[in-house]
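2 protein chains.
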Amino acid sequence: MKRAALILAVLASPLWAGTDDLTATGDLGLVIERATGSLLVIDRSDRAAIGRVEGLGDLSHASLTYSPDERFAYVFGRDGGLSKVDMLTQTVVARTVQAGNSIGGAISDDGKLVAVSNYDPGGVKVFDAETLALVADIPAAGKTIGLVDVPGRRFAWTVWDTGEVFLGDFSGAEPLIAMIGNAGVNPFDAVLTDDAHTYLVGLFGEKGVTAFDLWDDAPKPEKFLTDYGREGEDMPVYKMPHLQGWAFTEGQYALPAVGRHQLLWVDRATQEQVATTEMHGQPVFVIAQPASPFVWVNFATPLNDVVQVVDSRSHEVVATLTPGKAILHMEFAPRGAEVWISSRDDNKILIYDTRTREKVAEIAADSPSGIFFTARAHRTGL
Amino acid sequence: MKRAALILAVLASPLWAGTDDLTATGDLGLVIERATGSLLVIDRSDRAAIGRVEGLGDLSHASLTYSPDERFAYVFGRDGGLSKVDMLTQTVVARTVQAGNSIGGAISDDGKLVAVSNYDPGGVKVFDAETLALVADIPAAGKTIGLVDVPGRRFAWTVWDTGEVFLGDFSGAEPLIAMIGNAGVNPFDAVLTDDAHTYLVGLFGEKGVTAFDLWDDAPKPEKFLTDYGREGEDMPVYKMPHLQGWAFTEGQYALPAVGRHQLLWVDRATQEQVATTEMHGQPVFVIAQPASPFVWVNFATPLNDVVQVVDSRSHEVVATLTPGKAILHMEFAPRGAEVWISSRDDNKILIYDTRTREKVAEIAADSPSGIFFTARAHRTGL
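In structure tokens:
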């Protein structure tokens, strides 16, 4: 290394102080405040909370997705409420209680349709993204899980009770719904790889993960990891892992082992397990730090005050952090420079520099859980 | 397939007619109008031009990058001009002519620094992203090419005349500049993979491509494709391919063969050539359609009225389109539903649905070349 003895100005980092009150939406985000049914509006560049939206109902288990222009958030509440929030006016502009209990949703690739997966009654409802008018109501023989958007105005979802996996095509005048196969016993969540190639379904009622190749005209179920943890004994599952957090890096899937203090590494091409990493607790979210070899992992209660960082090349834990009490979620800046971590019982969002792994800022929040940056608008399968 | 006989509303697609004049920035973009030195402001959701910014100087070979909030564009002109454009007010808010001839630039992962690579005089200049004040001036022994952002407030670049590759770290009080190896004879462009893992340098003075593993603490040059096209004869190169368009899909690089009517497929893990696709002409941009197995290719003059689509699984051409005259660039919606194509000599932007591969709309533009959606703000290495 040689030092460049060159012109060097002191780099201040002032907040943007424009001469107007216009707001761009590319670096905004929302934090779910689970106890109060509110959303904290955050500005990523300013590392600040800039507002709060209330009246979202029961957000004790909630998620959201964004419109393509990064202006509107569609919030899926536990109470079956679907709310449309305007990030610029910080108001709820539409809301419908569309089921008794919902667990998530997705927006179509063209931004025109919002689909919600429901537990009670089971099934998928599809809404016009502009008005929240009901467009299609697709019943199911049980609880629907793992709803994802698929390119071509399509969605995929899975039924917990029956193991059935469906692909719905909403590009024509009428929806076309196809059952593409059975994943196995009690699928608990599913996820789509970022290239929309593979729909992975995690099983709770039996060992294993089932993959569907969605690039294929006739996708078929392919089961793998069917014998993980055959030696040793499973522990009670304190918190079901979230598969939306499954990391895809270095040609591998990094999967949380259900009921184990382990991360399982699977070669993406062969679907063979290539490594196991012993972890601090039962992994909940396993999230790849963008543009890096690292994945960050948080854990189920009661070991949920720790975050570990694992190198996807060596499969070794390279850092163990104790950011705060009840770490529920982590969200990376889209190019990976920072990670925002919610510490529910400290009522804080903690911001870490991913290179130094040091805390650089914190923001007060009321029992924060999920953190969602608007950059998600541009990603498939979220 | 069974048809769902369910509630189905007619899906209208009205433009958003809010009660305010607020604008979100997530679905905006800019088109370079090369003959007039202007930028056309486009709205992706509305498939419309919504304004024009003038006074950008010589844009006959220009590119741009966006701030993390998707509000500002940094435009790199051929005349060495660096301009900062506000997408919301549609004005030039800062401009500096910082060299005699520049060829591109990048913004740091934290959005604080903008770096420009120059031909005349050669070297890299780094500016404060807010004010465009000069922060560092790094001379080079020749023309700089292939400047990319690397996580951790770093940039990488290469020198055409000497083959030297540099990594600059601007995270501390003073920049640290390291020469990390020699790529070979006359590198003409370079590109970073989306995971920031591999910096690939294309060579013009000899056969081959040189890779640097930027996840390694001590990156070393590794040359591959050194014998492609040993049989057969090279043609004159009508237009140097753009490596920023190199596609990464299905564990492969899809590379334009310099001086050949061919696409070369290289296994990303082994760096072995796995296939060759015979093409309509000399490839210029080879761009992966997001969330799909397909890459789209345009061609050098005089065969530049054609676009071909290749399947990365079979390596076969699956579609040959003739969208218009002098096809200079293609930009995909970030989730892949549409591709916007510039037809310079038709003075049009053509919008194609990627699923049907049919044209769905067109927009008038004055000699359009590069098309840049704001979603680029969230991607590494652009």
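Each protein sequence line maps, in turn, to chains A and B. This note's numbering applies: residue 1 is where the first sequence begins, and numbers increase by one. This note's numbering applies: residue 1 is where the second sequence begins, and numbers increase by one. Glycine included, every Cβ here is placed at the ideal spot set by N, Cα and C.
- A check of alpha carbon separations from residue 328 of chain B across B:166, B:136 and B:365 identifies B:365 as the nearest.
- A residue is called buried when at least 16 other Cβ atoms come within 10 angstroms of its Cβ; residue 330 of chain A meets this threshold and is buried.
- The C-beta of residue 250 of chain B has 16 or more other C-beta atoms within 10 Å across all chains shown, which makes the residue buried.
- In this structure, the CA atom of residue 276 of chain A is about 46 Å from the CA atom of residue 23 of chain A.
- In the DSSP assignment, residue 338 of chain A forms a beta bridge with A:353.
- Out of B:132, B:73, B:79 and B:35, the CA that lies nearest to the CA of residue 100 of chain B is found in B:79.
- Under the 8 Å criterion on CB atoms, residue 283 of chain B is classed as non-interfacial with respect to chain A.
- Shown here, residue 210 of chain B sits in a strand according to DSSP, grouped into three states.
- Proximity to residue 169 of chain B across B:298, B:61 and B:177 peaks at B:177, based on C-alpha coordinates.
- For residue 215 of chain A, the neighbours in chain B by C-beta distance under 8 Å run, in chain order, 292, 293 and 313.
- When DSSP states are grouped into helix, strand and coil, residue 376 of chain A belongs to the helix group.
- Counting along the chain, the unbroken beta strand (DSSP E) around residue 276 of chain A starts and ends at 273 to 278.
- Residue environment analysis places residue 112 of chain A among the buried positions, since at least 16 neighbouring C-beta atoms fall within 10 angstroms of its C-beta.
- For residue 335 of chain B, the number of other beta carbons within 10 angstroms of its own is at least 16, and it is reported as buried.
- In its chain, beyond the 5 residues on either side, 324 and 325 have a beta carbon closer than 6 Å to the beta carbon of residue 346 of chain A.
- Of all residues in the region 200 to 213 of chain B, none places a beta-carbon less than 8 Å from a beta-carbon of chain A.
- Close partners of residue 45 of chain B in chain A (Cβ separation under 7 Å): 68, 69 and 111.
- In the structure shown, residue 346 of chain A adopts helical secondary structure according to DSSP, grouped into three states.
- Just so you know, the alpha carbons of residue 205 of chain A and residue 108 of chain A end up roughly 30 Å apart.
- Per DSSP, reduced to three states, the secondary structure at residue 144 of chain A is strand.
- A buried status is given to residue 338 of chain A, since no fewer than 16 other beta-carbon atoms sit within 10 Å of its beta-carbon.
- DSSP places residue 154 of chain A within a strand segment (E or B) once states are collapsed to three.
- The three-state secondary structure of residue 196 of chain B, taken from DSSP, is coil.
- Contact check for residue 87 of chain B against residue 31 of chain B fails: the beta carbons are separated by 8 Å or more.
- For residue 121 of chain A, no chain B residue has a C-beta closer than 9 Å to its own C-beta; the minimum C-beta separation is roughly 14 Å.
- Beta-bridge analysis with DSSP links residue 252 of chain A to A:249 and A:267.
- Three or more Cβ pairs closer than 8 Å define a contact, and the region 145 to 156 of chain B meets that threshold against the region 183 to 194 of chain B.
- For residue 119 of chain A, the three-state secondary structure derived from DSSP is strand.
- Annotation: residue 37 of chain B to residue 104 of chain B spans about 16 Å, alpha carbon to alpha carbon.
- Bounds of the beta strand (DSSP E) holding residue 294 of chain A are 294 to 299.
- Each residue's CA atom was taken as its position, placing residue 139 of chain B and residue 118 of chain B some 9 Å apart.
- Our two residues, residue 141 of chain A and residue 278 of chain A, have alpha carbons roughly 38 Å apart in a direct line.
- Note that the C-beta distance between residue 34 of chain A and residue 60 of chain A is below 8 Å.
- For residue 151 of chain B, the closest Cβ of chain A is nearer than 8 Å.
- Contact between the region 115 to 131 of chain B and the region 348 to 359 of chain B is not established, with fewer than three Cβ pairs separated by less than 8 Å.
- Taking C-beta separations shorter than 7 Å and ignoring five residues to either side along the sequence, the partners of residue 175 of chain B in its chain run 136, 168 and 169, following chain order.
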